[in-house]
Amino acid sequence: FRWKHRNRTYRWALEVISPIYDSSGRVSTVQVIAKDITEKKQMEEELIHTQRLRAVSELAAGVSHNLNNMLTGVLGPAQLLERYSDDPRVLRDAEAIIAGARRARDLVQRLNLAARGADETERVPVPVNQIIRDAIQAARPRWKDEAEARGIAIEVATNLGDVPTIRGTGTGLHDILLNLLFNAVDAMPEGGTITIDTQSVDDGVRLTVRDTGIGMEEETKRRVFEPFFTTKMDVGSGLGLATVHSMVESWGGHIEVESAPGQGTTFTLWLRVWDGPETPSQDTEVVEGSSMRRGRLLVIDDDGNVCRLLESLLSDRHEVEIVSDGQEGLERFSPGRFDVVLIDLGLPGMSGDGVAREMKRVDPAVVSVLITGWVMRPDDVRLRVFDFQLPKPFDDLDEVEDVVAQAIDLHDERVDQAD
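Just add 15 to wherever you are in the sequence shown, counting from 1, and you've got the numbering used here.
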């Protein structure tokens, strides 16, 4: 059974009741032994939570792959319309389709982040207090303007200490703060105060976001970081706080929540101090392709929408052949026939990395480009056989053309070196 301790926390106990018999065989007394099993109960709940997250992660990977393929067939053709049409109405509709597809793509990325966490390579020194100020300003329309329009007052107060830079990403921390700010606003339908504090602690920074809102029931508080769990049935995806939790954990920190009905909610984040070089690493930019010659391309993908998109995009400048499975691709392939092969990872019969490996054995000069809707870790061994990667959906068709041009240049370099 569960009972409430005098310190206001809940504990679990196992109660064993045993009768004590007298010499005549009658029950004379009853022995009651209660054992605190709170830690055991917490371990069981953590195990169930871990198993649930693992199942969600596997589900998210499969769903994301399928959605990314579908979005490729929506986002790509809309970008082609935007590129080649002069009709204002067509352009307006294409822009609307592109915007909607990109919102869907962002949701898929959030789903993956909530389930799997951020890549370990994405770490830079982050100035916490500056990001907090930026996030408060960015969220002002929600906590200030919209609140005043509803006739309520919401204030945001800060108590920012002298804290060091932390290990994470600026955009990630900005998104975390926006999420917590928006949740706080939603939790204060009658108005109130949001307080954000920062303080240096041991080897990190403690960041708290506190509101004076309606608070949470115990069950809600226990499940608040679960993917897809939401109390906002009409507008919530259930991914916001799950994404926050996953991102903070992937940075080597952790997050806790304290709340009770009518007593507001406090989220406390412990963030690790940046221990690398002070100059943040720069994102690698795609270098514009320089090859102007007509290349010979082979596209291997079992999704017809992806094949049609790549054929429409690339066939004006290059010779493009399309096949739908790896075995057919290998049958068409021969030394010197193709410069570049664009290969999906999940192919019927034979995996994309297996196809690429066999083609490189047959023709070491061929350049392989991975096109996939699967979310790949940077250390995934399957990436080693590929020279370039184009994640689906293709957000920028110019980038696809640039990668193909670079791939043709790389092929020519390999041929020259072989000679």
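For every residue, glycine included, the Cβ atom is placed at its ideal position computed from N, Cα and C. Source: prediction; values computed, not measured.
If you drop the 5 nearest sequence neighbours on each side, which residues of the same chain put their C-beta closer than 7 Å to that of residue i?
i: ASP51; result: ARG26, ALA28
i: VAL415; result: LEU328, LEU405, PHE409
i: LYS19; result: TYR25
i: ARG332; result: ARG309
i: SER296; result: With a pLDDT of only 40 at SER296, under the threshold of 50, the placement of this residue in the model should not be trusted; the figure read from the coordinates follows. Correct list, in chain order: VAL139.
i: GLY251; result: Note on GLY251: pLDDT 49, under 50, position unreliable in the model; the coordinate value appears next. Here the set comprises THR245.
How far does the alpha helix (DSSP H) with residue i in it reach, from first residue to last?
i: GLY319; result: 319-329
i: LEU345; result: 341-347
i: ARG372; result: 367-377
i: ARG17; result: Here ARG17 belongs to no alpha helix (DSSP H); instead the beta strand (DSSP E) covers 17-19.
With which residues is residue i paired in a DSSP beta bridge?
i: ASN81; result: None; ASN81 has no bridge partner.
i: GLN359; result: The sequence given here has Asp at residue 359, not Gln. DSSP output for ASP359 lists ILE386 as bridge partner(s).
i: PHE401; result: None, per the DSSP bridge assignment.
i: ASP51; result: ALA28
i: PRO435; result: Residue 435 lies beyond the range of the chain shown here (16 to 434); nothing can be said about it.
i: LEU286; result: VAL220
i: VAL42; result: TYR36
Would you mind reading off the limits of the beta strand (DSSP E) that contains residue i?
i: ASN174; result: 169-175
i: HIS269; result: 269-274
i: ASP102; result: No beta strand (DSSP E) holds ASP102; DSSP gives it neither H nor E.
i: ILE13; result: Lying before the first or after the last residue shown, residue 13 is absent from the chain, which here runs from 16 to 434.
i: GLN278; result: Taken as a continuous stretch (DSSP letters only), GLN278 belongs to no beta strand (DSSP E), as it is neither H nor E.
i: GLU334; result: 334-338
i: ARG311; result: 311-315
i: VAL415; result: That residue, VAL415, is in no beta strand (DSSP E); its alpha helix (DSSP H) goes 412-433.
i: ARG182; result: 181-183
i: VAL141; result: 139-141
Grab me the residues of residue i's own chain with a C-beta within less than 6 Å of its C-beta, minus the 5 sequence neighbours each way, in chain order.
i: ARG397; result: ASP368
i: TYR99; result: none
i: THR53; result: ARG26, TRP27
i: ALA49; result: ALA28, GLU30
i: ARG138; result: ARG182
i: ASP316; result: CYS322, ASP359
i: ILE35; result: SER43, THR44, GLN46
i: ALA162; result: ILE169
i: GLU336; result: LEU313
Return the chain-ordered list of same chain residues with a C-beta closer than 8 Å to the C-beta of residue i, the five sequence neighbours on each side being excluded.
i: VAL105; result: LEU96
i: VAL302; result: Summary for VAL302: the model assigns pLDDT 46, below 50, so the residue's position carries little reliability; its value from the coordinates is reported in the next sentence. Excluding residues within five positions, the ones whose Cβ falls inside 8 Å are ASP417, GLN421.
i: LYS407; result: ASN83, ASN84, LEU86, THR87, VAL321, ILE386, THR387, GLY388
> Whole beta strand (DSSP E) runs in the region 185-255 with 3 or more residues, listed along the chain?
Replying inline: Entirely contained in the region 185-255, the beta strand (DSSP E) runs reaching 3 residues are, in chain order, 207-216, 219-226.
>> With three or more C-beta pairs closer than 8 Å as the rule, is the region 354-372 touching the region 55-64?
In response: By the criterion of at least three beta-carbon pairs nearer than 8 Å, the region 55-64 is not in contact with the region 354-372.
>> Does the contact criterion of 3 or more C-beta pairs under 8 Å hold for the region 345-353 versus the region 366-386?
In response: The answer is yes - the region 366-386 touches the region 345-353, with three or more Cβ pairs under 8 Å.
> Counting Cβ pairs, one atom from each stretch, are 3 or more of them under 8 Å apart for the region 165-181 and the region 202-221?
Replying inline: Using a C-beta cut-off of 8 Å, the region 165-181 makes contact with the region 202-221, since at least three inter-stretch Cβ pairs fall below that distance.
> At a cut of 8 Å, does the region 222-234 reach the region 196-205 through at least three beta carbon pairs?
Replying inline: A contact exists between the region 222-234 and the region 196-205.
> Would you call the region 136-146 and the region 175-190 in contact, with 3 or more CB pairs under 8 Å?
Replying inline: When Cβ pairs closer than 8 Å are counted between the two stretches, the region 136-146 is seen to touch the region 175-190, the count reaching three or more.
> Is the region 425-433 touching the region 376-385 in the sense that three or more CB pairs, one from each, lie closer than 8 Å?
Replying inline: Touching, yes, given that three or more Cβ pairs across the two stretches are closer than 8 Å.
> Is the number of C-beta pairs between the region 74-94 and the region 110-120 that are closer than 8 Å three or more?
Replying inline: Result yes; three or more Cβ-Cβ pairs closer than 8 Å.
> With a cut-off of 8 Å, do at least 3 Cβ pairs link the region 183-193 to the region 146-163?
Replying inline: With the cut-off at 8 Å, the region 183-193 and the region 146-163 touch.
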